[in-house]
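Chains as they are written, first to last, in the working numbering: chain A, 1 to 227; chain B, 1001 to 1185.
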């Protein structure tokens, strides 16, 4: 479900961060830039895992104050308010990020958020864009118009894919939608905003679907489903 | 930004969980130590510098992810925690007699299958690779030896409660919205 991705980036440390430890200032900077964001073809960034290397600091905006060993010194408050608008420190860092990117055919847990005749939408607490198309549900599954949920008829019993139920599913496919800004004037394109990263999943194999169906020690789990 | 290596390693849920909880502790320590340091300087004891807090987007994803990882039936939600620093090594040793892919091992670690039905979803073509019931039972035993067994009853209860609560919340929200609409009219 999670991978590490190695990235190099230029980090800008502004003077108000000069009183932090250098490593802490860099970490905060990287997290502020990447946490909870999607990188195309990489995945959803969670946070920094580790710093691999950092260059010596360079001063932005083309003026003075070279930082030699990469540990910015704290400035007395008075001076530092004055410098604040002029300088910032540029550091090239190599680091690894924790990324959410389930591999193909990975089985993970989520919750049903809603259903339409096309299929079931699933979310996790931190990621909402998972879709199980109707044809990837087990044989005997059908959409119930009245209740707006899917049901599964098996061995004479009718089981419900209720909203908010915890389900197990298999990741089948990932889709990327680059949201890079387009030329102005292309308004009709903007109305169709797609999430940058979505997953298609399946629940057709036995053992998939609501965990309550399968995880009971005996048959008792089945009565709870209906309601 | 330059991607140097799209995938340099794979992490299990436990490793991510460990990293997040340690990170949260570190931020907490830092907030309190900075508070006393700066508070001393300015004579304000409860002064909290927003700069010492972790970035908001980080706080959001970390909270959501920890909630997810701790939610039943995730093994990270059971007490006492079934993992420790030797778990991964022990499990690899326990599963050595059989030929599993790396992805399968990761899923076993993350999901802790303790029944043939659950193992079947994780292991590809299990019926062909491990046709005998005794083999399957041996695999499951190797898993429970390291990861323990879930408290099935408590887990089911937690799942039912979670779903019920979420449904109630949704209904409440809907009722509130309806009320507001009526007022508007």
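The C-beta atom is built at its ideal place from N, Cα and C for all residues, glycine as well.
If we cut at 8 Å on Cβ distances, does residue i have a partner in chain A?
i                       : result
residue 1148 of chain B : no
residue 1090 of chain B : no
residue 1078 of chain B : no
residue 1087 of chain B : no
residue 1141 of chain B : no
residue 1023 of chain B : yes
residue 1001 of chain B : yes
residue 1029 of chain B : no
residue 1156 of chain B : yes
residue 1183 of chain B : no
residue 1044 of chain B : Confidence at residue 1044 of chain B is low in this model, with a pLDDT of 49, below 50, so the placement of that residue should be treated as unreliable; the coordinate-derived value is given next. Output row for residue 1044 of chain B: interface = no.
Exposed or buried, what is residue i when buried is set at 16 or more other beta-carbons lying within 10 Å of its beta-carbon?
i                       : result
residue 163 of chain A  : buried
residue 129 of chain A  : buried
residue 210 of chain A  : buried
residue 1118 of chain B : buried
residue 101 of chain A  : buried
residue 1099 of chain B : exposed
residue 1062 of chain B : buried
residue 1178 of chain B : exposed
residue 1011 of chain B : buried
residue 1101 of chain B : exposed
residue 1121 of chain B : buried
residue 140 of chain A  : exposed
residue 1109 of chain B : buried
residue 1 of chain A    : buried
residue 1096 of chain B : exposed
residue 27 of chain A   : buried
residue 1084 of chain B : exposed
Taking residue i as the query, report the chain A residues whose CB atoms sit under 7 Å from its CB, ordered along the chain.
i                       : result
residue 1008 of chain B : 4, 5, 6, 96
residue 1074 of chain B : 109
Output yes if chain B places a C-beta closer than 8 Å to the C-beta of residue i; else output no.
i                      : result
residue 176 of chain A : no
residue 180 of chain A : no
Note down, in chain order, every chain B residue with its Cβ under 9 Å from the Cβ of residue i.
i                      : result
residue 103 of chain A : 1010, 1103, 1106
residue 163 of chain A : 1163, 1166, 1167, 1170
Residues of chain B with CB under 7 Å from residue i, in chain order?
i                      : result
residue 168 of chain A : 1121
residue 229 of chain A : With chain A represented from 1 up to 227, any question about residue 229 of chain A goes unanswered, as that position is not in the structure.
residue 211 of chain A : 1073, 1159
residue 1 of chain A   : 1013, 1110
residue 106 of chain A : 1103, 1107
Interface residues of chain B around residue i at Cβ under 8 Å?
i                      : result
residue 206 of chain A : 1117, 1120, 1121
residue 13 of chain A  : Under the 8 Å cutoff, chain B gives no residues; its nearest Cβ is about 12 Å from residue 13 of chain A.
Strictly below 9 Å CB to CB, what residues from chain A border residue i?
i                       : result
residue 1005 of chain B : 4, 5, 6, 7, 96
residue 1055 of chain B : 28, 29, 31, 32, 33, 35
Handout entry: Inter-stretch contact at 8 Å, needing at least 3 Cβ pairs: the segment 1127 to 1146 of chain B / the segment 1063 to 1080 of chain B
Key = Using a C-beta cut-off of 8 Å, the segment 1127 to 1146 of chain B makes no contact with the segment 1063 to 1080 of chain B, since fewer than three inter-stretch Cβ pairs fall below that distance.
Handout entry: Residues within the segment 1058 to 1069 of chain B neighbouring chain A, beta-carbon criterion of under 8 Å
Key = 1058, 1060, 1061, 1062, 1064, 1065, 1067, 1068
Practice task
Would you check if there are 3 or more beta carbon pairs closer than 8 Å linking the segment 165 to 176 of chain A to the segment 193 to 203 of chain A?
Solution key: Using a C-beta cut-off of 8 Å, the segment 165 to 176 of chain A makes contact with the segment 193 to 203 of chain A, since at least three inter-stretch Cβ pairs fall below that distance.
Exercise for the section: With 9 Å as the limit, tell me which residues of the segment 121 to 153 of chain A have their beta carbon closer than that to any beta carbon of chain B; keep them in chain order. Expected result: 124, 125, 126, 127
Exercise for the section: May I ask you to verify whether the segment 16 to 30 of chain A touches the segment 113 to 123 of chain A, counting CB pairs closer than 8 Å and requiring at least 3? Expected result: Segments in contact, no.
Exercise for the section: Kindly confirm or deny that the segment 1147 to 1154 of chain B and the segment 1075 to 1091 of chain B touch, where touching means at least three C-beta pairs closer than 8 Å. Expected result: yes
Practice task
Decide yes or no for the touch test of the segment 1006 to 1025 of chain B against the segment 199 to 208 of chain A: beta carbon pairs closer than 8 Å, at least 3 of them.
Solution key: no
Practice task
Decide yes or no for the touch test of the segment 86 to 97 of chain A against the segment 147 to 160 of chain A: beta carbon pairs closer than 8 Å, at least 3 of them.
Solution key: no
Exercise for the section: Could you say if the segment 1152 to 1159 of chain B and the segment 1083 to 1096 of chain B meet the contact criterion of at least three C-beta pairs nearer than 8 Å? Expected result: no
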